[in-house]
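Asks:
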C-alpha cells in the first residue's frame with residue numbers, strides 16, 4: 005500500500021518495499037535500518053519464516069499476535085516483510101529477520117497507548133514525537149480535559165493524601181507503566197518535550213492541554229513510595245511554566 009501525501013495523492017516512490025530498498029525506522033529517537041533483500045543474500049543473514057517469527061513473538065511474551073495480523077501489517081507496510089519466491093510453483097512467502105522483533109515490540113507498545121496505525125507510522129518511520137501525537141488525542145476528549153483542569157486546580161492545596169489520589173487518576177488517564185515511566189521521565193525528557201511543542205503549530209487550546217498534561221505527569225513523577233517530593237515537582241513545574249512564557253512571548 006503506497007503512502008499518500010496531504011492531498012491524498014499516491015506517492016509511488018514512498019512505498020516501503022524492503023525487497024528493493026533499505027527501510028529506516030526509529031525507536032526512542034534512534035535511527036535503525038532494515039536492509040534490502042540483496043544485502044540479506046550477500047550477508048547470509050538468517051531469514052525467519054512467518055510461522056517461526058510468530059513463535060519467536062510468543063517466546064518473547066508478545067501476546068495476541070497471529071499470522072493474519074502479521075500479513076495485515078505487511079500489507080499496510082507497518083511491518084514490511086521480505087517477499088521471497090520458493091518452491092517449484094514459485095509461491096511468494098513472507099520472511100523476517102531479528103530486527104523485526106524490535107519493531108513489533110514498539111508497535112505493540114504504541115498501540116497500548118491508543119495510537120492508530122497511521123500515528124504509529126509517523127512515530128516509527130518519520131520520527132514524529134510520540135508525546136505530541138498522544139496528547140493531541142487527549143485534546144479531542146473534552147470530558148477528560150475538564151477532569152484534568154479540576155485535578156490541576158486542586159494542586160494548590162496539596163497534601164500527601166490528595167497527591168496520592170491525584171496520581172491514581174493520572175495513572176489511569178495516561179495508562180502509565182511505572183517501570184517505563186520512571187526510567188524515561190526526567191528533566192532531560194521534559195526539556196525535549198518542551199522544545200518539541202515550541203517548534204510545533206499548536207493553537208491556544210492545544211497548548212493548554214499539553215501544559216496541563218505535562219504538569220500532571222510531573223506531579224506523578226514526583227510521587228514515589230507514598231512520598232511527595234515537593235522540591236522536585238516545583239522545579240519541573242516552573243520549567244513548564246517558564247517554557248510557556250518563552251513560547252507565548254511576542
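Numbering (my numbering), first residue to last: 5 to 254.
By construction, the Cβ of each residue, glycine as well, lies at the ideal position given by its N, Cα and C atoms.
Keep in mind it's a predicted model, so treat the numbers as computed, not measured.
If we ignore side chains and look at the alpha-carbon of each, how far apart do residue 97 and residue 103 end up?
Replies: If you number the chain shown from 1, residue 97 lands on position 93. If you number the chain shown from 1, residue 103 lands on position 99. About 18 Å.
Asks: Smallest Cα separation from residue 35: which of 60, 128 and 228?
Replies: Position 31 of the chain shown, counting from 1, holds the residue named residue 35. The shortest C-alpha separation from residue 35 is found at 128.
Asks: Which parts of the region 24-90 are runs of the alpha helix (DSSP H), unbroken and 4 residues or longer, counting only runs that do not cross its ends?
Replies: 41-47, 54-63 and 71-79
Asks: Helix, strand or coil: which one does DSSP assign to residue 120?
Replies: Locating residue 120 in the chain shown gives position 116, counting from the first residue. Residue 120: coil per DSSP, three-state reduction.
Asks: With three or more C-beta pairs closer than 8 Å as the rule, is the region 59-70 touching the region 120-139?
Replies: no
Asks: When you compare each of 82, 231, 224 and 238 to residue 122 by their alpha carbons, which one comes out closest?
Replies: For the purposes of this step, residue 122 is taken as the residue at position 118 of the chain shown. Nearest to residue 122 by alpha-carbon distance, out of 82, 231, 224 and 238, is 82.
Asks: Using the Cα positions of residue 59 and residue 68, report the straight-line distance between them to the nearest angstrom.
Replies: Position 55 of the chain shown holds residue 59. Position 64 of the chain shown holds residue 68. In a straight line, the C-alpha of residue 59 is about 12 Å away from that of residue 68.
Asks: Using only alpha-carbon positions, find the residue among 210, 230, 199 and 182 that is nearest to residue 221.
Replies: Taking the first residue of the chain shown as position 1, residue 221 is located at position 217. Selected option, being the one with the closest Cα: 182.
Asks: Do residue 244 and residue 218 have their C-beta atoms within less than 7 Å of each other?
Replies: Against the chain shown, residue 244 aligns to sequence position 240. Against the chain shown, residue 218 aligns to sequence position 214. Closer than 7 Å, so yes.
Asks: Please work out which residues of its chain come closer than 8 Å, Cβ to Cβ, to residue 17, disregarding the five sequence neighbours upstream and downstream, and give them in chain order.
Replies: Walking along the chain shown from the start, residue 17 turns up at place 13. With a pLDDT of 48 at residue 17, under the threshold of 50, the modelled position of that residue is not reliable, and no figure is offered here.
Asks: Using the three-state DSSP reduction, which class does residue 5 fall into: helix, strand or coil?
Replies: Your numbering for residue 5 matches position 1 in the chain shown. Below a pLDDT of 50, predicted positions are generally treated as unreliable, and residue 5, at 41, falls in that range; the measurement from the model is reported next regardless. Of the three classes helix, strand and coil, the one that applies to residue 5 here is coil, per DSSP.
Asks: Grab me the residues of residue 186's own chain with a C-beta within less than 6 Å of its C-beta, minus the 5 sequence neighbours each way, in chain order.
Replies: Position 182 of the chain shown, counting from 1, holds the residue named residue 186. Answer for residue 186: no residue qualifies.
Asks: Is DSSP giving residue 213 helix, strand or coil here?
Replies: Counting from one through the chain shown, the residue named residue 213 turns up at place 209. Secondary structure of residue 213 (DSSP, three-state): helix.
Asks: Would you identify the three-state DSSP class for residue 238, choosing helix, strand or coil?
Replies: As a first step, residue 238 is located in the chain shown; it is residue number 234 there, counting from the start. Three-state result, residue 238: helix.
Asks: Taking the C-alpha atoms as reference points, what is the distance between residue 253 and residue 112?
Replies: Counting from one through the chain shown, the residue named residue 253 turns up at place 249. Counting from one through the chain shown, the residue named residue 112 turns up at place 108. With a pLDDT of 44 at residue 253, under the threshold of 50, the predicted position of this residue should be treated as unreliable, though the coordinate-derived value follows. For residue 253 and residue 112, the distance between alpha carbons rounds to 39 Å.
Asks: May I have the straight-line CA-CA distance separating residue 73 from residue 232, to the nearest angstrom?
Replies: As a working mapping, residue 73 is identified with position 69 in the chain shown. As a working mapping, residue 232 is identified with position 228 in the chain shown. Whole-angstrom Cα-Cα distance: 44 Å.
Asks: When you compare only the Cα positions, how much space is there between residue 105 and residue 172?
Replies: Numbered from 1 along the chain shown, position 101 holds the residue referred to as residue 105. Numbered from 1 along the chain shown, position 168 holds the residue referred to as residue 172. Each residue's alpha carbon lies about 33 Å from the other.
Asks: Let me confirm a value: residue 71 is counted as buried when at least 16 other C-beta atoms fall within 10 Å, else exposed. Which label applies?
Replies: For the purposes of this step, residue 71 is identified with residue 67 of the chain shown, where counting begins at 1. Flag for residue 71 reads exposed.
Asks: Alpha carbon to alpha carbon, how far is residue 38 from residue 179?
Replies: Residue 38 sits at position 34 when you count from the first residue of the chain shown. Residue 179 sits at position 175 when you count from the first residue of the chain shown. Cα to Cα, the separation comes out at about 31 Å.
Asks: Which residue from 223, 198, 110 and 120 puts its Cα closest to that of residue 169?
Replies: If you number the chain shown from 1, residue 169 lands on position 165. Ranking the options by Cα distance to residue 169, first place goes to 223.
Asks: With residue 133 as the anchor, note down where its beta strand (DSSP E) starts and where it stops.
Replies: Translated into the one-based positions of the chain shown, residue 133 becomes position 129. Careful: residue 133 lies outside any beta strand (DSSP E) and carries neither H nor E.
Asks: Ignore the nearest five residues each way along the sequence and tell me which others in residue 191's own chain have a CB closer than 8 Å to its CB.
Replies: Working through the chain shown from its first residue, we reach residue 191 at position 187. These residues qualify, in order along the chain: 239, 240 and 243.
Asks: Determine the contact status of residue 86 and residue 29, defining contact as a CB-CB distance below 7 Å.
Replies: Start at 1 with the first residue of the chain shown, and residue 86 comes out as number 82. Start at 1 with the first residue of the chain shown, and residue 29 comes out as number 25. No.
Asks: Following the continuous alpha helix (DSSP H) through residue 184, name the residue where it begins and the one where it ends.
Replies: Walking along the chain shown from the start, residue 184 turns up at place 180. First-last of the alpha helix (DSSP H) with residue 184: 182-188.
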